[in-house]
Amino acid sequence: MKICILGAGALGSALGASLAEGGSEVVLLSRNAAHVEAIRAGGLRLRDQDDERRVRLRAETEAAAVGPVDLVVVLVKSFQTREALAQAGPLFGPGTLALSLQNGLGHEDILAESIGRERVLAGKTYVGGTLLGPGHVLAGVRGKETLLGELDGARTGRALAIAREFERAGLPVRLSDNILGTIWDKLLINVATGALTAITRMPYGPLFQCAPLEAVGVAAVREAMEIAHAAGVRLSIADPLEAWRRAGAGLPADFRTSMLQSLDRGSATEIDYINGAVVERGLRLGIAAPVNATLAACVKGIEAMAGRTALARPPGIDHAAVRVEDIGWHVRFFEEVLGMPVREIDGPPEAPRQVWLEGGVQLIAAPAAAGDAGRAQSRIAHVALRVRGLEAALARAAGWPVTVLPQGPNWLRTPDGVALELFDC
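Under our numbering, the residues of the sequence shown are numbered 1 to 425, in order.
Here it is in structure tokens:
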């Protein structure tokens with residue numbers, strides 16, 4: 001079976017690699033050009049518990065380069081579904097099916113609007129993944145079940161064929177005749193931990209050692225279960241604590257949820273489709289969900305802060321950007337030797353690879369300079385500073401011997417050649 005993973009981030013890459021190892025013809029489709037190029041160059045580095053290996057598989061950035069496939073596994077972020085489907089037309093031939101394994105509620109309806117309900121299957125997977133760098137994924141695959149099924153609960157040959165692809169890859173899979181209940185079961189897992197990791201910035205290790213946070217997570221699940229039961233949904237999870245325990249089962253201590261990874265990248269989260277969806281469904285039924293509403297509000301606040309629209313910060317150094325020739329070596333050194341978190345910075349395809357280090361240092365990939373004179377040049381790309389009253393500061397700077405840089409009016413170069421990026425507090 002030819003399978004395209006639409007939205008091959010951390011989870012999609014981990015799942016696609018496993019299917020490829022099982023013999024499926026898999027193509028990863030991702031807008032992350034650096035990730036795709038790394039996979040093309042050296043395969044996907046897959047770390048699963050204590051094992052690390054390279055998996056060779058195809059990766060593309062454009063659907064037109066893939067062409068029609070038998071199955072499209074949809075794993076883009078919830079809020080990107082419509083846009084992704086609009087660009088995925090070349091993937092769909094007359095017999096192509098779509099399987100949504102996304103977090104949250106309502107994706108199967110969006111797929112049905114786009115390609116027809118008769119071509120849509122839905123499901124949930126407990127496989128996890130964390131993107132460690134381009135072409136490098138920490139996977140939680142072993143023993144993690146995937147459930148899938150027809151929207152009407154029928155047991156069909158096409159659903160069985162998809163399940164066999166998972167079985168051949170050694171992935172636990174189960175057909176569900178209650179796919180709505182399956183979707184809600186997975187939602188409870190996301191409700192339990194996603195927002196808490198995003199708010200606290202905790203990976204799973206410290207999160208599951210903190211009893212007060214466990215109490216909050218279990219309370220959020222209890223609210224969601226009450227709403228599901230009121231809506232007539234049949235759940236397989238009977239105890240809110242079971243959802244909390246199931247969320248962490250089989251995943252490493254440094255596992256970071258997709259919601260936390262989104263905030264690490266400074267991008268929007270799926271909170272509206274998870275805790276926010278619980279609140280919205282509760283409102284329809286006249287049932288309040290104050291814990292979920294609070295968690296959702298906190299995450300929305302963090303999203304706003306990431307856009308520099310929230311709380312002011314005092315003047316000072318925001319971050320320093322340093323050019324390095326072998327950025328991959330530096331990433332491995334900081335992660336594996338110094339134990340420091342490193343996160344990728346999303347940028348346009350033509351931009352050099354960039355990463356953030358804990359503490360406000362930005363590394364930018366730069367080719368080796370030619371000759372000793374070139375190597376003597378400053379490695380500092382720029383220093384970012386927070387100032388009070390940006391417009392007034394720029395007006396004062398006009399009387400000083402500084403140069404305004406092409407990046408924008410808030411970028412200045414001093415006479416010694418140091419580039420400054422200025423932000424308003």
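Ideal placement from N, C-alpha and C gives every residue a C-beta, glycine not left out.
Exposed unless 16 or more other CB atoms sit within 10 angstroms - verdict on residue i
{"i": "E62", "result": "exposed"}
{"i": "Q429", "result": "The question about residue 429 has no answer, for the chain in this structure spans 1 to 425."}
{"i": "H229", "result": "exposed"}
{"i": "I380", "result": "exposed"}
{"i": "M259", "result": "buried"}
{"i": "G23", "result": "exposed"}
{"i": "P406", "result": "exposed"}
{"i": "T146", "result": "buried"}
{"i": "A198", "result": "buried"}
{"i": "D244", "result": "Sequence check: residue 244 is Trp here, not Asp. By the neighbour-count rule (16 or more Cβ atoms within 10 Å), W244 is buried."}
{"i": "G157", "result": "exposed"}
{"i": "G374", "result": "For G374, the pLDDT reaches just 40, beneath the cut-off of 50, and the residue's location in the model is therefore unreliable, although a value from the coordinates is still provided. It counts as exposed."}
{"i": "E391", "result": "exposed"}
{"i": "L363", "result": "buried"}
{"i": "L132", "result": "buried"}
{"i": "R427", "result": "Any answer about residue 427 is impossible in this case: the structure gives the chain only from 1 up to 425."}
{"i": "E344", "result": "buried"}
{"i": "A17", "result": "buried"}
{"i": "E223", "result": "buried"}
{"i": "R284", "result": "exposed"}
{"i": "W356", "result": "buried"}
{"i": "A351", "result": "exposed"}
{"i": "R117", "result": "exposed"}
{"i": "E108", "result": "buried"}
{"i": "P415", "result": "exposed"}
{"i": "R53", "result": "exposed"}
{"i": "G104", "result": "buried"}
{"i": "E165", "result": "buried"}
{"i": "T403", "result": "exposed"}
{"i": "A310", "result": "Note that A310 scores a pLDDT of 39, beneath 50, so its modelled location is shaky; the value from the coordinates is reported in the next line. Under this definition A310 is an exposed residue."}
{"i": "P203", "result": "buried"}
{"i": "P401", "result": "exposed"}
Beta-carbon gap between residue i and residue j smaller than 8 Å
{"i": "I5", "j": "V66", "result": "no"}
{"i": "L175", "j": "A163", "result": "yes"}
{"i": "E25", "j": "V55", "result": "no"}
{"i": "R446", "j": "A98", "result": "Nothing about residue 446 can be read from this structure; the chain reaches only from 1 to 425."}
{"i": "D177", "j": "K124", "result": "no"}
{"i": "L251", "j": "I302", "result": "no"}
{"i": "G194", "j": "L11", "result": "no"}
{"i": "V233", "j": "G181", "result": "yes"}
{"i": "M225", "j": "L196", "result": "no"}
{"i": "I271", "j": "A304", "result": "no"}
{"i": "S78", "j": "Y273", "result": "yes"}
{"i": "V342", "j": "V324", "result": "no"}
{"i": "G140", "j": "I227", "result": "no"}
{"i": "V76", "j": "A59", "result": "no"}
{"i": "R469", "j": "F423", "result": "Residue 469 lies beyond the stretch modelled for the chain, which goes from 1 to 425, so this question has no answer here."}
{"i": "G360", "j": "A419", "result": "no"}
{"i": "R353", "j": "A88", "result": "no"}
Residue i: first and last residue of the uninterrupted beta strand (DSSP E) it sits in
{"i": "W400", "result": "Element bounds for W400: n/a, residue is neither H nor E."}
{"i": "I115", "result": "Per DSSP, I115 belongs to no beta strand (DSSP E); it is in the alpha helix (DSSP H), H107 to I115."}
{"i": "V72", "result": "V69 to V74"}
{"i": "V120", "result": "V120 to T125"}
{"i": "R222", "result": "R222 -> not in any beta strand (DSSP E); alpha helix (DSSP H) instead, spanning A211 to A230."}
{"i": "P206", "result": "Segment Y204 to L207 is the alpha helix (DSSP H) holding P206; no beta strand (DSSP E) there."}
{"i": "L235", "result": "L235 -> no beta strand (DSSP E), and no H or E assigned at all."}
{"i": "L11", "result": "Element bounds for L11: not the beta strand (DSSP E) but the alpha helix (DSSP H), A10 to E21."}
{"i": "G133", "result": "G128 to G133"}
{"i": "T96", "result": "F92 to S100"}
{"i": "L422", "result": "A419 to D424"}
{"i": "P362", "result": "As written in the sequence, residue 362 is Gln, which differs from the Pro given in the question. Run containing Q362: V361 to A365, per the beta strand (DSSP E) assignment."}
{"i": "L28", "result": "E25 to L29"}
{"i": "D51", "result": "D51 to V55"}
{"i": "L385", "result": "I380 to V387"}
{"i": "R413", "result": "W411 to R413"}
{"i": "K2", "result": "K2 to L6"}
Span of the alpha helix (DSSP H), counted from its first residue to its last, around residue i
{"i": "A84", "result": "T81 to Q87"}
{"i": "R246", "result": "P240 to G248"}
{"i": "A33", "result": "A33 to G42"}
{"i": "E62", "result": "E62 -> no alpha helix (DSSP H), and no H or E assigned at all."}
Length-filtered (4 minimum) alpha helix (DSSP H) runs lying within the stretch 254-331: 258-264, 275-285 and 290-306
Inter-stretch contact (C-beta, 8 Å, three-pair minimum) for the stretch 140-152 and the stretch 24-36: no
In chain order, each alpha helix (DSSP H) run of at least 4 residues that lies wholly inside the stretch 140-202: 157-168 and 179-200
The stretch 250-257 contacting the stretch 230-242, beta-carbon criterion three pairs below 8 Å: no
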